[in-house]
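Notes follow the structure.
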Amino acid sequence: MMKLRFDGELSSVARLFLSVSVTIVSVAAFLGAAGALTGNMFLLKLHPYLFFVGFGNLAILILNRYLTSAIYPELKINPLKQLRYIQAVLASLLLVTLSVAMEWPLLKALAGLLLMIVVLGPIKEIFTTLSVGKIWKEVSVRYYIFDVLFLLNANLGLFTLGLKEAFPHQGIIPFFVTQSSYFLGSSFPLSISVMGFLYTYAWSRSSKRELVRRLFSLWFYVFLGGVLLFLVVILAGYYFGMMFISHILLFGVMVLFGSFALYLYNFFKKNFHHPALAFLLSGLALLFATSAYGIMNIYFLKGIAFGTKPPLPFDRMWIYHSHTHAALLGWITFSFIGMLYIVIPSILRSNSLEILGTGKALSSLLGEQTMKQAFRQLTLMLLSATAVLLAFFLQNEQLLGVAGLVYGCSLFFLKFNLQPEEKIMDNG
Numbered sequence: 002m003m004k005l006r007f008d009g010e011l012s013s014v015a016r017l018f019l020s021v022s023v024t025i026v027s028v029a030a031f032l033g034a035a036g037a038l039t040g041n042m043f044l045l046k047l048h049p050y051l052f053f054v055g056f057g058n059l060a061i062l063i064l065n066r067y068l069t070s071a072i073y074p075e076l077k078i079n080p081l082k083q084l085r086y087i088q089a090v091l092a093s094l095l096l097v098t099l100s101v102a103m104e105w106p107l108l109k110a111l112a113g114l115l116l117m118i119v120v121l122g123p124i125k126e127i128f129t130t131l132s133v134g135k136i137w138k139e140v141s142v143r144y145y146i147f148d149v150l151f152l153l154n155a156n157l158g159l160f161t162l163g164l165k166e167a168f169p170h171q172g173i174i175p176f177f178v179t180q181s182s183y184f185l186g187s188s189f190p191l192s193i194s195v196m197g198f199l200y201t202y203a204w205s206r207s208s209k210r211e212l213v214r215r216l217f218s219l220w221f222y223v224f225l226g227g228v229l230l231f232l233v234v235i236l237a238g239y240y241f242g243m244m245f246i247s248h249i250l251l252f253g254v255m256v257l258f259g260s261f262a263l264y265l266y267n268f269f270k271k272n273f274h275h276p277a278l279a280f281l282l283s284g285l286a287l288l289f290a291t292s293a294y295g296i297m298n299i300y301f302l303k304g305i306a307f308g309t310k311p312p313l314p315f316d317r318m319w320i321y322h323s324h325t326h327a328a329l330l331g332w333i334t335f336s337f338i339g340m341l342y343i344v345i346p347s348i349l350r351s352n353s354l355e356i357l358g359t360g361k362a363l364s365s366l367l368g369e370q371t372m373k374q375a376f377r378q379l380t381l382m383l384l385s386a387t388a389v390l391l392a393f394f395l396q397n398e399q400l401l402g403v404a405g406l407v408y409g410c411s412l413f414f415l416k417f418n419l420q421p422e423e424k425i426m427d428n429g
């Protein structure tokens, strides 16, 4: 039987992280779908907060730390401390839910403050254990550690957003602190982690690894610099700058998408069809869609000041919703499912990070039936995610709701599909 009690083992935290994170994202999808079908504003307001506050923090605090510690073992993982992180994130979710339900924005600020304090712990551990030179030596570690810093900033955004909503007439909080800017800022840490993962478990093992290392090092500066500069030009309302930077980022995504498709073709031809890599490729495809919708969003944003509600003319709001959902349901969720299909089995098989730190992470760790079902899950998720984007264009609430429910169910299937891996660990 599977262990239901926390026993202080690394594998126990990994199981708990899998269950909690998958449940949070699935519930967010279900609430969004139910909100679309019923027109319930509470559900529509709540579901993105669940995603970013819950999954956004857990992914960086837990999964990101696994990836970093697999490269630098001196960043030891304390399972009990990670359990505390999960508990703190769940407490923050409760605070945010009450805040939205009761319209008590100070609870939102309290949740942001709690999460800021939590994130400061890993930041202190990182910079007291690793030197800046050692961080910069490994390209992927740069991505992972900057994610933790971005997460701190995102939680600061939640804290200030709660204060601004509680005291709207005070001029202390800057004008650019809005729900949209909080969601935008919270998506960056997740995006950067995926880039580091792609380098570590795919391209870094290329025969041209030195060239790849240089290219990903360059992409680190372009991606992070472009994102930060993009925020500046948005706040300044500099239309040409927004278009210029967004096109550069789109070109980078196109190169990344095309080259990963080529890598995948060669990998599948020489090895086997790994579902995790297929999920990551699908995530990149939807990142391309996200970037394209983003450029369309900027085009119709001309003349509209940042922070305006709604951010686009009413007849163009489908572009804004398509942009955000292609990022959330597509790029981020698909990519992290792919990561989970690699990271969780690796940890459960050895009750350590040993496999993650070697080339065995992309070996046949999953059972044949699990891999087949993962590809079926991917197919259903792609179809339902596409239906969600189509529903925004058609402004069809029924299609949006049904597609969201199917997406949530197919996403939650991940927990069931990895149960055989948990049983192997229990029996082993």
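Heads up: the sequence shown begins at 2 in my numbering, then just goes up one per residue.
For every residue, glycine included, the Cβ atom is placed at its ideal position computed from N, Cα and C.
Residue i - DSSP class collapsed to helix/strand/coil
i	result
Ile61	helix
Met2	Bear in mind that the predicted position of Met2 carries a pLDDT of just 36, short of 50, making it too unreliable to give a figure here.
Ser353	coil
Phe252	helix
Ala203	coil
Thr39	helix
Gly238	coil
Asn169	Sequence check: residue 169 is Pro here, not Asn. Three-state DSSP puts Pro169 in coil, outside helix and strand.
Tyr73	coil
Thr380	helix
Phe177	coil
Lys416	helix
Ile78	coil
His48	helix
Ser20	helix
Trp137	helix
Leu162	helix
Gln396	coil
Ala332	Here residue 332 turns out to be Trp, not Ala, going by the sequence shown. Of the three classes helix, strand and coil, the one that applies to Trp332 here is helix, per DSSP.
Ser12	helix
Thr98	helix
Lys361	helix
Glu104	coil
Ser411	helix
Gly186	helix
Asn272	coil
Gly1	Absent from the structure is residue 1, since the part of the chain shown begins at 2 and ends at 429.
Leu131	coil
Lys209	coil
Beta-carbon proximity list for residue i, same chain, < 7 Å, skipping 5 on both sides
i	result
Val228	Phe189
Ala392	Leu400, Leu401, Ala404
Val389	His326, Leu330, Leu401, Ala404, Gly405, Tyr408
Leu282	Phe261, Ala262, Leu265
Phe289	Val254, Met255, Phe258
Leu230	Ile246
Supposed close pair residue i, residue j - CB separation, criterion 8 Å
i	j	result
Gly295	Leu191	That belief does not hold up - the Cβ atoms of Gly295 and Leu191 are roughly 16 Å apart, past 8 Å.
Asn156	Leu116	4 Å
Thr291	Trp332	5 Å
Phe261	Leu199	7 Å
Val140	Phe245	Val140 to Phe245, Cβ: 26 Å. No contact.
Leu357	Ser12	No, Leu357 and Ser12 are not in contact; Cβ-Cβ is about 13 Å, not under 8 Å.
Leu19	Lys361	About 20 Å separates the two Cβ atoms, so there is no contact after all.
Ile61	Ser194	7 Å
Residues of its chain near residue i, where Cβ-Cβ distance is below 8 Å and the 5 sequence neighbours each way are ignored
i	result
Leu76	Arg66, Thr69, Ser70, Glu126, Ile127, Thr130, Leu131
Phe413	Val23, Thr24, Ser27
Thr359	none
Lys82	Gly122
Ile124	Val149, Leu150, Leu153
Leu96	Leu108, Lys109, Leu111, Ala112, Leu115
Residue i beta carbon near the ligand ADP (any heavy atom closer than 7 Å)
i	result
Gly57	Absence of the ligand ADP from the depicted structure is noted, as is the absence of any ligand whatsoever, leaving it without description.
Own chain residues within Cβ distance below 6 Å of residue i, not counting five before or after
i	result
Gly36	Leu44, Leu45
Asn298	Ile320, Tyr321, His324
Exercise. Do the region 107-116 and the region 156-166 touch if we need at least three Cβ pairs shorter than 8 Å?
Worked result: yes
Exercise. At a cut of 8 Å, does the region 341-361 reach the region 249-267 through at least three beta carbon pairs?
Worked result: no
Problem set entry | the region 364-377 contacting the region 69-88, beta-carbon criterion three pairs below 8 Å | no
For this session: Please confirm if the region 330-340 is in contact with the region 277-288, defined as three or more CB-CB distances below 8 Å between the two stretches.
Result: yes
Exercise. Would you call the region 28-38 and the region 47-62 touching, i.e. three or more CB-CB distances under 8 Å?
Worked result: yes
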